[in-house]
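The structure under discussion appears below in the form of structure tokens.
2 protein chains.
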Amino acid sequence: MHLYKVQDQTVVVVDILRATSCMTTAFAHNIQSITPFANLPDCLALKSEGYLTAGERDGKKVDGFDMGNSPFEYMDPLLKGKKIAFTTTNGTKAISRSIGAKDIVIGSFLNLSAVVEYLRKVPTNILIVCSGWKGKVNLEDTVFAGALVENLKGDFEFACDAPMIAQRLYTQAKGDLKGFLKDSSHIKRLERLNIQKDIDFCLKEDEYDLVPTIREGVIMSVKP
Amino acid sequence: MHLYKVQDQTVVVVDILRATSCMTTAFAHNIQSITPFANLPDCLALKSEGYLTAGERDGKKVDGFDMGNSPFEYMDPLLKGKKIAFTTTNGTKAISRSIGAKDIVIGSFLNLSAVVEYLRKVPTNILIVCSGWKGKVNLEDTVFAGALVENLKGDFEFACDAPMIAQRLYTQAKGDLKGFLKDSSHIKRLERLNIQKDIDFCLKEDEYDLVPTIREGVIMSVKP
Numbered sequence: 410m411h412l413y414k415v416q417d418q419t420v421v422v423v424d425i426l427r428a429t430s431c432m433t434t435a436f437a438h439n440i441q442s443i444t445p446f447a448n449l450p451d452c453l454a455l456k457s458e459g460y461l462t463a464g465e466r467d468g469k470k471v472d473g474f475d476m477g478n479s480p481f482e483y484m485d486p487l488l489k490g491k492k493i494a495f496t497t498t499n500g501t502k503a504i505s506r507s508i509g510a511k512d513i514v515i516g517s518f519l520n521l522s523a524v525v526e527y528l529r530k531v532p533t534n535i536l537i538v539c540s541g542w543k544g545k546v547n548l549e550d551t552v553f554a555g556a557l558v559e560n561l562k563g564d565f566e567f568a569c570d571a572p573m574i575a576q577r578l579y580t581q582a583k584g585d586l587k588g589f590l591k592d593s594s595h596i597k598r599l600e601r602l603n604i605q606k607d608i609d610f611c612l613k614e615d616e617y618d619l620v621p622t623i624r625e626g627v628i629m630s631v632k633p
Numbered sequence: 410m411h412l413y414k415v416q417d418q419t420v421v422v423v424d425i426l427r428a429t430s431c432m433t434t435a436f437a438h439n440i441q442s443i444t445p446f447a448n449l450p451d452c453l454a455l456k457s458e459g460y461l462t463a464g465e466r467d468g469k470k471v472d473g474f475d476m477g478n479s480p481f482e483y484m485d486p487l488l489k490g491k492k493i494a495f496t497t498t499n500g501t502k503a504i505s506r507s508i509g510a511k512d513i514v515i516g517s518f519l520n521l522s523a524v525v526e527y528l529r530k531v532p533t534n535i536l537i538v539c540s541g542w543k544g545k546v547n548l549e550d551t552v553f554a555g556a557l558v559e560n561l562k563g564d565f566e567f568a569c570d571a572p573m574i575a576q577r578l579y580t581q582a583k584g585d586l587k588g589f590l591k592d593s594s595h596i597k598r599l600e601r602l603n604i605q606k607d608i609d610f611c612l613k614e615d616e617y618d619l620v621p622t623i624r625e626g627v628i629m630s631v632k633p
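The listed protein sequences derive, respectively, from chains A and B.
Mapping the first sequence onto this note's numbering, position 26 (from 1) lands on 435, and the numbers just tick up by one.
Mapping the second sequence onto this note's numbering, position 86 (from 1) lands on 495, and the numbers just tick up by one.
Following this line, the structure appears as structure tokens:
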């Protein structure tokens with residue numbers, strides 16, 4: 410990421426398992442906003458201002474937080490109109506590093522087509538930021554990046570080989586996404602935490618028709 | 410690369426187009442040694458000590474050097490027994506960053522099986538260092554890493570998703586390596602320099618049965 414300046418770009422933040430999938434799900438259930446934090450204390454501090462606190466560390470819900478990092482926790486009708494303070498191991502760090510970009514978009518398989526439609530209209534270059542796991546590349550975020558590239562081919566040129574690598578992985582994976590990802594390190598880690606149901610849901614394409622974007626540090630939802 | 414300590418590892422340095430392919434070819438033609446340098450002046454200084462100087466910047470031979478970065482320049486019978494001082498845009502930088510490793514091996518498609526046999530016997534973990542292009546990932550080095558992973562599967566476990574990504578690209582590419590790589594940024598760059606013959610040669614598997622390794626900063630050849 411340090412090789413690209415974010416200033417002139419539209420950045421797509423990707424953390425399929427599970428931060429950006431949760432965020433997308435939350436907006437589909439009419440929450441008002443999500444404020445992302447890279448560290449726990451800043452996030453917790455907003456509790457006294459009426460925010461719900463949400464997030465995980467090492468895949469587990471944080472003690473004292475209202476919600477963890479399962480998309481099913483964000484489907485509650487009582488969340489309507491609420492503001493959420495959110496922190497996760499990798500996803501919110503990717504967001505902090507994207508601050509300063511022309512535009513920041515939250516991407517997941519759950520809103521794939523909506524994100525593609527949104528990106529097709531942006532007047533800037535696009536930088537897809539895969540959160541990965543503690544600084545390392547991961548398979549599921551890369552495959553999602555490939556889904557964006559595959560759907561946007563013809564509209565953009567490649568700035569390097571990374572989008573091509575992602576695209577080729579996606580074309581290999583798309584018939585059986587779950588099978589393709591089953592040996593990935595993150596899925597194995599999550600399986601040890603018994604959240605197969607979350608994984609299955611996060612790999613569904615186009616459940617929701619919305620695009621969360623970041624305006625002045627706060628994530629809001631726009632229709633594509 | 411900064412996420413892994415090189416100290417306890419066997420490092421495989423990969424720069425398919427064209428540094429590690431040239432080095433492999435040179436040893437197959439009986440040169441005595443190659444001393445890699447990350448910068449030009451250090452490399453040039455060895456000329457006065459009887460070394461041949463070799464290498465490129467931005468894909469082109471350096472003015473005043475004896476040889477550039479085409480494998481065909483390293484097939485001359487007159488090279489037998491000679492010592493070479495070598496510098497390239499990316500390959501020798503990858504080597505400098507690997508210094509301190511338990512062992513350093515030079516890998517290319519030209520000596521794929523020899524490298525696989527060598528690695529199968531090492532008692533350490535393996536870190537495959539793809540040189541890429543000016544800090545960016547590239548397709549051909551990643552696909553070669555995948556060839557190593559595919560051939561060594563069963564002998565090693567994955568430390569992260571990167572080897573799996575490389576492996577899956579290789580399984581997709583191996584029937585038609587040239588076709589798979591034709592849109593990569595580096596191949597397009599080299600095609601502008603008219604070196605299709607070099608590319609074709611660098612993608613040949615198992616031309617040579619030898620493994621260049623680095624001992625005290627100098628590359629020598631060993632039989633696998």
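Every residue, glycine too, gets a C-beta built ideally from N, C-alpha and C.
| Check | Outcome |
| --- | --- |
| Residue interval of the alpha helix (DSSP H) (run including Phe495(A)) | Taken as a continuous stretch (DSSP letters only), Phe495(A) belongs to no alpha helix (DSSP H), being part of the beta strand (DSSP E) at Lys492 to Thr496. |
| Reduced DSSP secondary structure (H/G/I, E/B, other) of Arg577(A) | helix |
| Opposing strand residues paired with Asn534(B) [DSSP bridges] | Gln418(B) |
| Bridge-paired residues (DSSP) for Ala463(A) | Met476(A) and Phe495(A) |
| Neighbour flag for Gly544(B) against chain A, beta carbons, 8 Å | yes |
| Residue-level contact to chain B via CB, Leu528(A), 8 Å cutoff | no |
| Members of the segment 458 to 477 of chain B near chain A, C-beta cut-off 9 Å | none |
| Where Ile574(B) meets chain A, residues with beta-carbon distance less than 8 Å | Val546, Leu548, Thr551, Ile574 and Leu578 |
| Among Lys469(A), Ser442(A), Asp424(A) and Thr434(A), nearest to Tyr460(A) - alpha-carbon criterion | Ser442(A) |
| Chain A contact residues for Gln581(B), given Cβ-Cβ distances below 7 Å | Arg577 and Gln581 |
| Under 8 Å between C-beta atoms of Met573(A) and Phe565(A) | no |
| Span of the alpha helix (DSSP H), counted from its first residue to its last, around Ile608(A) | Gln605 to Cys611 |
| One or two residues paired with Met629(B) in a DSSP bridge | Thr622(B) |
| First and last residue of the uninterrupted beta strand (DSSP E) at Ile513(A) | Asp512 to Gly516 |
| C-beta contact flag for Phe589(A) and Gln581(A) at 8 Å | yes |
| Cβ neighbour criterion (16 or more within 10 Å) applied to Ala510(B) | buried |
| Bridge partner(s) assigned by DSSP for Val423(B) | Gly516(B) and Cys539(B) |
| Close beta carbons around Leu578(A), own chain, < 7 Å, minus the five adjacent residues each side | Thr551, Val552 and Gly555 |
| Euclidean distance between Cα positions of Cys539(A) and Ser522(B) | 34 Å |
| Close Cβ partners of Tyr617(A) (< 8 Å) along its chain, the five nearest in sequence each way excluded | Thr433, Thr434, Phe436, Ala437, Leu519, Asn520 and Ala523 |
| Per DSSP, the bridge partner or partners of Phe436(A) | In the DSSP output, where bridge partners are listed per residue, Phe436(A) has none listed. |
| Chain A within 8 Å of Asp615(B), Cβ atoms only | no |
| Test item: CB-CB of Leu612(B) and Gly468(B) under 8 Å | no |
| Alpha carbon of Gln605(B) to alpha carbon of Leu548(B), nearest angstrom | 17 Å |
| Under the three-state DSSP convention, the category Ser593(B) falls into | coil |
| Bridge partner(s) assigned by DSSP for Ile443(A) | Ile493(A) and Ile628(A) |
| Contacts of Asp592(B) in chain A (Cβ-Cβ under 7 Å) | Met573 |
| Any chain B beta carbon closer than 8 Å to Cys569(A) | yes |
| Phe565(B) - partner residues in DSSP beta bridges | Lys562(B) |
| C-beta atoms of Thr497(A) and Leu449(A) nearer than 8 Å | no |
| Residues near Val631(A) by beta carbon distance below 6 Å, same chain, minus five either side | Val620 and Thr622 |
| DSSP beta-bridge partners of Lys470(A) | Glu465(A) |
| Any chain A beta carbon closer than 8 Å to Leu412(B) | yes |
| From Ile535(B), Lys470(B) and Lys583(B), residue whose alpha carbon lies closest to that of Val645(B) | Here chain B covers residues 410 to 633 and nothing more, so residue 645(B) does not appear. |
| Spatial distance of Pro486(A) from Asn439(A) (CA atoms) | 8 Å |
| Backbone CA spacing between Gly563(A) and Leu557(A) [nearest angstrom] | 12 Å |
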